[in-house]
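From first to last, the protein sequence lines stand for chains A and B.
Be aware that the first sequence starts at 1, since it is given in UniProt numbering, and climbs by one per residue.
Be aware that the second sequence starts at 1, since it is given in UniProt numbering, and climbs by one per residue.
Ideal Cβ positions, reconstructed from N, Cα and C, are used throughout, including at glycine.
Quick notes on the structure that follows.
There are 2 protein chains.
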Amino acid sequence: MGISEKKRAIYESMLDLVEAYGFHGASMSLLAKEAKVAAGTIYHYFSSKDELLKELYIYCKEQVEDWVLAELDERQPYKERFYKRWLSLYEFYTAHPKVLVFFEQYINSPYNQERSPHHFRGGFFQFLKEGVDEGYLKEAKPELYVALYMGSVILAAKIKIFGSISFDMEDRKLLVTKLWTTLAAG
Amino acid sequence: MGISEKKRAIYESMLDLVEAYGFHGASMSLLAKEAKVAAGTIYHYFSSKDELLKELYIYCKEQVEDWVLAELDERQPYKERFYKRWLSLYEFYTAHPKVLVFFEQYINSPYNQERSPHHFRGGFFQFLKEGVDEGYLKEAKPELYVALYMGSVILAAKIKIFGSISFDMEDRKLLVTKLWTTLAAG
DNA sequence: TGCACCCGAATGAACGTTCGATCAATAAAG
DNA sequence: CTTTATTGATCGAACGTTCATTCGGGTGCA
C-alpha cells in the first residue's frame, strides 16, 4: 500500500525547504504552502514538527537503502559489491542533494537522539564488518573502515554538489580502487 | 590586542548552544543568558544573528588553522607533514566537538553562501595540491584526495564524538598510514 | 450516520531586534 | 583639583512579527 500521497508531498516539500532555507527556516506555514496542504492537515499525519523530522529522517534512510540494494546483486563477489556500494551511494547523494543536506543537518542537531552517525546500524556497517570477519578486508576495527569508506563517499558527493568540480566515472572508479587496495587483504 | 572578552564569551556560548539545542534552537535570548550579557549588548557587537553566525564561522576556521599550524614544522619532509596534519585535525575536532558540530550544521545551511565545504580555500587544499604538483602524491585531481583525506578525518572524529568507539593513537596512525600508502607516489 | 480526511483562521508563546535609560571612564573646561 | 561634557559599553523591558499548534467546521465515502 505504501505511504499516502499527501504524506509524501509533505516529506518532499520539507526536503526542498531545508535545502533552500535551512533547518531553522523551514517553518510549518511555509511547508503547508509548499506542499499545497493546509497547516492543520500536516498535524493529521504528524503529531509535531519534531516527529515529522524524525520520520522524515527514517523515510530518507529507507530511500538510500532501497536505492543501494536495488542495484546490488548479493551473489557477486565481495570486491564487486565493495565497488558497487560506493558508486551507488555516490550516485544517490549527487542525484538527491537535498537528502544529503538534510542528513548532515539532522545528524548534527539534537533531533538525532542516538547521536551516532546513521551509517552504523543498517546494512552498510554489516557489510564492512562481514568483509573483515570473512577475510576479504585486512584485520582492523570496522569503524575505522567506515571512516574511510563513508567519509570519502559523503565528501566526494558534497564536493560535486557544492563545488564546481565534477568527478566523472573514471575519477570515481579510481577513488574506489584506491580505497579497495588500501583495505583489501592479500 | 585580540578580540574583546565579551565577543569571545558570545562566540563560545553560541557554540555551546548550537551543540546543545541545534542551530534552530539557539535563540538570541538563550544566548544572552548563556553569555551573561544583555540581549541588546549582542547587537552592539553584531548587526544581526546572521552576521554573528557568519563571524563565528570565521572565528572557528581560524582556530582550526592556528591549532594545526602551531603543531606543524614546515621544514619537515612532506610525509611527516602529511601525517601530522591529519593527526592534528583529529585531535582538534575531538577536543572541540562543538566546533565540528557547528561546522557541519553551518556548511549545510544557507548561511553558507559560498556553499563549498570550507576545506578548500586555506592551507589544506594547497597542501594536497602541492603534494601532487611536486610529485609526492600520485597524479590525480587534488579534490579527490580531499575527499579521502578530510572525509576520513571528519568521520573518524564524529565516530569518536558520537559513538562509544575510541580510536587510540595506534588506530589513528594505522589509518593515516593506509591513507599515505594509497596516495603516495613511488 | 459515522468516520477519516482536510481546511484555514485563531491563539498564545517565542522569536529577533530596537530603544531609551544607565553606567564607567576619560577628556575638557573652569 | 574639581566639575562638567562626551563617549562607548551595557542593560532589559517593549515591539511587531512569525512560529508551532489547535480547533471548529466542512467534505465525501462507507
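Alpha carbon to alpha carbon, what distance is there between residue j and residue i?
i        : j        : result
Ile42/A  : Val99/A  : 20 Å
Ala38/B  : Gln105/B : 26 Å
Phe102/B : Phe162/B : 14 Å
Leu52/A  : Leu15/A  : 11 Å
Phe46/A  : Thr182/A : 45 Å
Tyr90/B  : Asp168/B : 11 Å
Val153/B : Ile58/A  : 26 Å
Gln126/A : Leu144/A : 13 Å
Pro110/A : Ser13/B  : 17 Å
Val132/B : Arg172/B : 23 Å
Ala147/A : Arg8/B   : 33 Å
Gly135/B : Glu74/A  : 40 Å
Gly40/B  : Lys49/B  : 12 Å
Ala184/A : Gln63/B  : 37 Å
Trp180/B : His96/A  : 32 Å
Lys178/B : Val68/A  : 26 Å
Ile10/B  : Glu65/B  : 21 Å
His44/A  : Gly2/A   : 17 Å
Between residue i and the rest of its own chain, which residues show a CB-CB distance below 8 Å, the 5 nearest in sequence each way excluded?
i       : result
Gln76/A : Lys84
Can you tell me whether DSSP reads residue i as helix, strand or coil?
i             : result
residue 211/A : Residue 211/A is absent from the structure shown; chain A starts at 1 and stops at 186.
Leu175/B      : helix
Leu137/A      : strand
Phe127/A      : helix
Pro97/B       : helix
Glu74/A       : coil
Ala9/A        : helix
Val37/B       : coil
Ser152/A      : helix
Tyr106/A      : helix
Gly163/A      : coil
Asp168/A      : coil
His27/B       : His is not the amino acid found at residue 27/B; the sequence shown has Ser there. Coil.
Residues in its own chain within less than 6 Å of residue i by CB, not counting five upstream and five downstream?
i       : result
Tyr93/B : Leu100 and Ala157
Glu19/A : Lys98 and Val101
Phe23/B : Gln105
Going by beta carbon distance, what residues of the same chain come within less than 7 Å of residue i, once the five residues before and after it are set aside?
i        : result
Leu17/B  : Ala26, Leu30, Leu31 and Glu34
Leu175/A : Ser152 and Ala156
Glu55/A  : Phe46
Glu139/B : Val132
Tyr78/B  : Gly131 and Tyr136
Ile87/A  : Here residue 87/A turns out to be Leu, not Ile, going by the sequence shown. If we look at Leu87/A and ignore the five residues flanking it on each side, its Cβ neighbours are Arg172 and Val176.
Along the segment 19 to 52 of chain B, where does the CB come closer than 8 Å to a CB of chain A? Name the residues.
Ala20, Tyr21, Gly22, Phe23, His24 and Gly25
Contacting positions in the segment 136 to 150 of chain B - beta carbon closer than 8 Å to chain A
Ala140, Lys141, Glu143, Leu144, Val146, Ala147, Leu148 and Met150
Closer than 9 Å, Cβ to any Cβ of chain B: which residues of the segment 77 to 106 of chain A, in chain order?
Leu100, Val101, Phe102, Phe103, Glu104 and Gln105
Could you name the residues of the segment 169 to 181 of chain B whose beta carbon sits closer than 8 Å to any beta carbon of chain A, in the order they occur along the chain?
Asp171, Leu174, Leu175, Lys178, Leu179 and Thr181
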